[in-house]
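Contents: one structure, followed by commentary.
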Amino acid sequence: MENAKMNSLIAQYPLVKDLVALQETTWFNPGTTSLAEGLPYVGLTETGCSGRPCALISFCTLSGKSIS
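Take the sequence shown: its position 28, counting from 1, is numbered 31 in the numbering used here, and each next residue is one higher.
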């Protein structure tokens, strides 16, 4: 992507800067809920992932993290 287009995209959507930098990022659709309302329901624990190795692998790939 051209630098000018990327800068324009970041100016319009500041969250893109964190995504490009591969920073941990949380976003909630403002038409659905707010950060304060939705954040308590977000989490990935070993209990929540047990028996779901495919979902966990997908999450790790998406997040760029490894889970030991």
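Glycine included, every Cβ here is placed at the ideal spot set by N, Cα and C.
Remember, predicted model here, so these are calculated numbers, not experimental data.
Residues near residue i by beta carbon distance below 8 Å, same chain, minus five either side
i	result
A7	none
L38	T29, F31
V45	T29
Integer-rounded CB distance, given that residue j should sit under 8 Å from residue i
i	j	result
Q30	L42	With the sequence shown as reference, residue 30 is identified as Trp, and Gln is not the correct amino acid for it. Incorrect: roughly 11 Å between the Cβ atoms, too far for contact.
Separation of residue j from residue i, as counted between CA atoms
i	j	result
E5	Y16	16 Å
S11	E40	30 Å
L22	M9	12 Å
Proximal residues to residue i (C-beta, below 7 Å), its chain only, five neighbours per side dropped
i	result
I13	V19, K20
Limits of the alpha helix (DSSP H) - the one that residue i falls within
i	result
V45	Element bounds for V45: n/a, residue is neither H nor E.
S11	6–15
L25	Per DSSP, L25 belongs to no alpha helix (DSSP H) and is neither H nor E.
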